[in-house]
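These notes are about the structure you will find just below.
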Amino acid sequence: MYSLSEQQFDFILSDINARGVRLESLQYDLLDHICVIIEQKVEKEEDFDQCYEATISAFYRQELREIEEETIFLLARRNRLTLSRNQFFLLLFTIFIGPFVSYDLAWLVTSGPTAGWNIPLHIWAPTVVYSLFPLLILLVLLLTPERLDPLIPVKSTVLLGIRPFIKIIPKPIDRVEIETTAR
Amino acid sequence: MNYSTELIKGTLKTIILKLLADNKKMYGYEITQKVKELTRDRIQITEGALYPTLHALEADKLVTTETEYIGKRIRKYYSLSPTGKAQAREKVKEFASFMDTMIALLDIKPKMT
Numbered sequence: 805m806y807s808l809s810e811q812q813f814d815f816i817l818s819d820i821n822a823r824g825v826r827l828e829s830l831q832y833d834l835l836d837h838i839c840v841i842i843e844q845k846v847e848k849e850e851d852f853d854q855c856y857e858a859t860i861s862a863f864y865r866q867e868l869r870e871i872e873e874e875t876i877f878l879l880a881r882r883n884r885l886t887l888s889r890n891q892f893f894l895l896l897f898t899i900f901i902g903p904f905v906s907y908d909l910a911w912l913v914t915s916g917p918t919a920g921w922n923i924p925l926h927i928w929a930p931t932v933v934y935s936l937f938p939l940l941i942l943l944v945l946l947l948t949p950e951r952l953d954p955l956i957p958v959k960s961t962v963l964l965g966i967r968p969f970i971k972i973i974p975k976p977i978d979r980v981e982i983e984t985t986a987r
Numbered sequence: 243m244n245y246s247t248e249l250i251k252g253t254l255k256t257i258i259l260k261l262l263a264d265n266k267k268m269y270g271y272e273i274t275q276k277v278k279e280l281t282r283d284r285i286q287i288t289e290g291a292l293y294p295t296l297h298a299l300e301a302d303k304l305v306t307t308e309t310e311y312i313g314k315r316i317r318k319y320y321s322l323s324p325t326g327k328a329q330a331r332e333k334v335k336e337f338a339s340f341m342d343t344m345i346a347l348l349d350i351k352p353k354m355t
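Given below as structure tokens:
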């Protein structure tokens with residue numbers, strides 16, 4: 805059976821590293837996987853360089869570090885609330901105006917049926933005023949979705965949990981888990 | 243037959259847990275080959291899907307790892323923890339129940355082979 809030389813082995817490991825995979829345990833997984841495939845292919849009289857390029861390029865869609873990003877995402881997602889960007893902003897909006905709406909509702913309930921919908925100005929005015937700010941943000945987001953890109957890019961995922969409270973995964977996660985082939 | 247991604251999305255954990263339950267300990271390449279073999283090439287697990295899931299299962303303490311040196315390189319073997327074994331049974335049971343429901347819902351006649 806063909807066996808990779810130490811030089812080839814070091815080359816593969818440094819290339820995995822250069823392609824952005826930094827997690828050591830993931831590097832070893834990939835290294836072993838690639839080595840097994842190459843050893844089988846080269847045995848069938850294929851050239852190492854060509855064989856390596858063909859093998860490594862089959863591991864990813866755009867870049868090899870996608871695998872590390874997906875790993876980090878799955879690890880970070882554990883025990884956290886996963887929200888899309890829109891869900892996150894909706895949550896913020898609810899948190900901002902929720903107390904005011906609750907205050908209005910509480911007034912309606914406590915003031916009895918005779919009050920009807922005639923809510924006094926000092927009750928409903930703060931709700932309208934404080935709703936404007938988050939409403940404007942939502943409007944800006946709707947009209948110019950790329951505006952908050954540096955902070956929370958379009959299609960990014962927001963993870964809420966403990967330490968850190970908010971984690972933003974900027975890259976859209978293309979979660980195609982399994983590839984199937986026609987027989 | 244070519245299965246749509248939507249159809250099989252979410253089954254990867256079940257597949258990995260079941261394979262590890264049946265094979266005691268396996269390394270990444272071995273898992274991909276076993277899936278290919280068992281499904282007659284109809285399902286191929288990509289490396290980009292396999293390793294993140296294995297690492298997540300490890301972090302969830304459903305699988306444990308042991309390393310072995312193959313010459314200079316390290317091979318990581320994955321095996322089920324006691325919790326993982328229970329989870330594998332649970333996942334397979336859940337999937338079997340789901341299939342029964344879908345067979346009834348879609349009025350599929352099982353093929354006699």
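Chains as they are written, first to last, in this note's numbering: chain X, 805 to 987; chain B, 243 to 355. Glycine is no exception: its CB is placed at the ideal position from the N, C-alpha and C atoms. All values reported here derive from a predicted model rather than from experimental measurement.
query: Would you mind telling me which residues of chain X sit closer than 9 Å to Glu336(B), beta carbon to beta carbon, in chain order?; result: Near Glu336(B) there are no residues of chain X at all, since even the closest Cβ is about 17 Å away, more than 9 Å.
query: So, with DSSP's three-state summary, where would you put Met268(B)?; result: strand
query: Roughly how many angstroms separate the alpha carbons of Thr343(B) and Lys335(B), rounded to a whole number?; result: 12 Å
query: Of all the beta strand (DSSP E) runs that stay within the bounds of the region 884-922 of chain X, which reach a length of 3 or more residues?; result: 885-888
query: Applying the criterion that 16 or more other CB atoms from any shown protein chain within 10 Å of the CB defines a buried residue, is Ala986(X) buried or exposed?; result: Reliability of the predicted coordinates at Ala986(X) is poor, the pLDDT of 46 falling under 50, and the value obtained from them is presented with this limitation in mind. Exposed: under 16 other Cβ atoms inside 10 Å.
query: Could you pull out every residue in the same chain whose Cβ sits closer than 8 Å to the Cβ of Glu857(X), ignoring the five residues on either side in sequence?; result: none
query: Does chain B have any CB closer than 8 Å to the CB of Leu835(X)?; result: yes
query: Assign Ile966(X) to one of three DSSP states: helix, strand, or coil.; result: coil
query: Could you compute how far the alpha carbon of Arg889(X) sits from the alpha carbon of Leu946(X)?; result: 12 Å
query: What first and last residue would you give for the alpha helix (DSSP H) that runs through Thr253(B)?; result: Neither: Thr253(B) is in no alpha helix (DSSP H) and is coded neither H nor E.
query: Taking the alpha-carbon positions, what's the Val913(X) to Asn922(X) distance?; result: 13 Å
query: Just the Cα atoms here: how many angstroms apart are Lys267(B) and Tyr320(B)?; result: 5 Å
query: Where does the unbroken alpha helix (DSSP H) through Leu827(X) begin, and where does it stop?; result: It is not in any alpha helix (DSSP H) - Leu827(X) carries neither H nor E in the DSSP assignment.
query: Let me check understanding here. Comparing Cα to Cα, which of Val933(X), Ile842(X), Ile901(X) and Leu887(X) lies closest to Val958(X)?; result: Leu887(X)
query: Does Lys971(X) come out as helix, strand or coil in the three-state DSSP assignment?; result: strand
query: What is the rounded straight-line gap between the Cα of Glu810(X) and the Cα of Lys314(B)?; result: 8 Å
query: For Asp302(B), would you say it is in contact with chain X, using Cβ-to-Cβ distances shorter than 8 Å as the test?; result: yes
query: With a CB to CB cut of under 8 Å and the five nearest residues on each side skipped, what residues in its chain are close to Leu830(X)?; result: Ile871, Glu872 and Thr875
query: With a threshold of 8 Å between beta carbons, is Tyr1042(X) in contact with chain B?; result: Coverage of chain X is limited to positions 805 through 987, which leaves residue 1042(X) absent and any answer about it impossible.
query: I want to verify the contact list: residues of chain X whose CB lies under 7 Å from the CB of Arg317(B), in sequence order.; result: Asp836
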